[in-house]
Amino acid sequence: MRAVFNYLLTHKRVPDKRRFFADYYAQMNRQYLSYYHKKETTGDYIFFAGALWKKEGQTNQYRANYIRACKNMDGVKFEGGFAPRSRNDIPGFEDLIMEEKVPMSDYLTKIKDSAVVFNTPVIMDCHGWKLGEFMALGKAMIATPIKNLLPVPLEHGKNIHFINGGEDEVQDAVKKLTTDHAYRQQIENNIKEYFNANVTPERSVEIVCEKAGFRIEN
56 MRAVFNYLLT HKRVPDKRRF FADYYAQMNR QYLSYYHKKE TTGDYIFFAG ALWKKEGQTN
116 QYRANYIRAC KNMDGVKFEG GFAPRSRNDI PGFEDLIMEE KVPMSDYLTK IKDSAVVFNT
176 PVIMDCHGWK LGEFMALGKA MIATPIKNLL PVPLEHGKNI HFINGGEDEV QDAVKKLTTD
236 HAYRQQIENN IKEYFNANVT PERSVEIVCE KAGFRIEN
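Position 123, counted from 1, in the sequence shown is what my numbering calls 178; the numbers after and before it change by one each time, with no gaps.
In C-alpha cells form, the structure reads like this:
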C-alpha cells in the first residue's frame, strides 16, 4: 500500500512506472536492519557474488581480478563468481560465472561468513548500496578508491583496505586480510563503529536535514 500511496503523490514525476513498483517489490525481499549485525569470521572462507556490466569494463576487470585472487589463495575456500546473464553477452569471463544466481537470503548469510568483501564503483563511479551494507555487517572490506561524498572519509588500514584494483595488489590484499587476523578484526570493528556513528538510517536523516538547514530536536 505504501508504494501505491507514494505513486499517487508523485506519479507526474515518475518516468518509469514499472521500475518504480519493481524497486518497492525488491525491498520486500530485504532483511530488516536488525539482521545486519557483525559476525566473527575466520580467514578460510570467502564469498563473492557480483554482476557483469555492459559498459563498465574496468569494474568487470577489477571483480575478475578479485575472484581469481580468491580462487588461487592457499587455505581459502572460495564460493561465488559473476551472476549469470540471460543473454551471456559479455565475453572473456566464462570461467568466473556461477551456474545460477544466489537468493538474497543465502547471499546475506554467506556474506556474513565471508572473511573479506570487495566493493567497486559501477554506474557513474558510484559504489552503491553494497558499501552501506558491508558497513552495517561490519565486514573487512577491500575497495577501489571511493568517489562518493561520505559523511567522514574512510581511512586505509583503519576501517577499510584500499587498492587500485591491479591483479597483484588484489592478491596481496586478500592474503593480508585472510592471514592477519588482528588486522582483519580491526577493520571489521572500526567499519561497524563508522556505520553506527555516520550511516544508520537515523543518522542519515539527520545529515540530510542538517544540510538542508533544519534543526533536529532530540
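Virtual Cβ for every residue (Gly too), placed ideally from N, Cα, C.
Reducing DSSP to helix, strand and coil, say where residue i ends up.
i    : result
F103 : strand
E188 : helix
V172 : strand
M196 : strand
I152 : strand
H236 : helix
I215 : strand
K202 : coil
G220 : coil
G136 : strand
K247 : helix
P146 : coil
With a Cβ-Cβ cutoff of 8 Å, do residue i and residue j count as a contact?
i    : j    : result
F102 : I201 : no
K266 : N245 : no
S160 : T96  : no
Y117 : G220 : yes
N253 : P208 : no
F250 : M190 : yes
Would you tell me roughly how many angstroms separate the C-alpha atoms of residue i and residue j, rounded to the nearest one?
i    : j    : result
V131 : V69  : 46 Å
A138 : R74  : 21 Å
Q113 : H182 : 13 Å
V229 : V171 : 7 Å
W108 : I262 : 32 Å
K72  : S259 : 27 Å
Q82  : L163 : 14 Å
A104 : L151 : 10 Å
T199 : G193 : 18 Å
G136 : M153 : 5 Å
I197 : N61  : 37 Å
D180 : D99  : 31 Å
Where does residue i land, buried or exposed, given buried means 16+ other C-beta within 10 angstroms?
i    : result
V225 : buried
K247 : buried
E243 : buried
I178 : exposed
C264 : exposed
T65  : exposed
R239 : buried
G147 : exposed
P176 : buried
Y121 : buried
L282 : Since the displayed the chain opens at 56 and closes at 273, residue 282 lies outside it and no answer follows.
message = With three or more C-beta pairs closer than 8 Å as the rule, is the segment 119–129 touching the segment 75–93?
response = Short answer: they don't touch.
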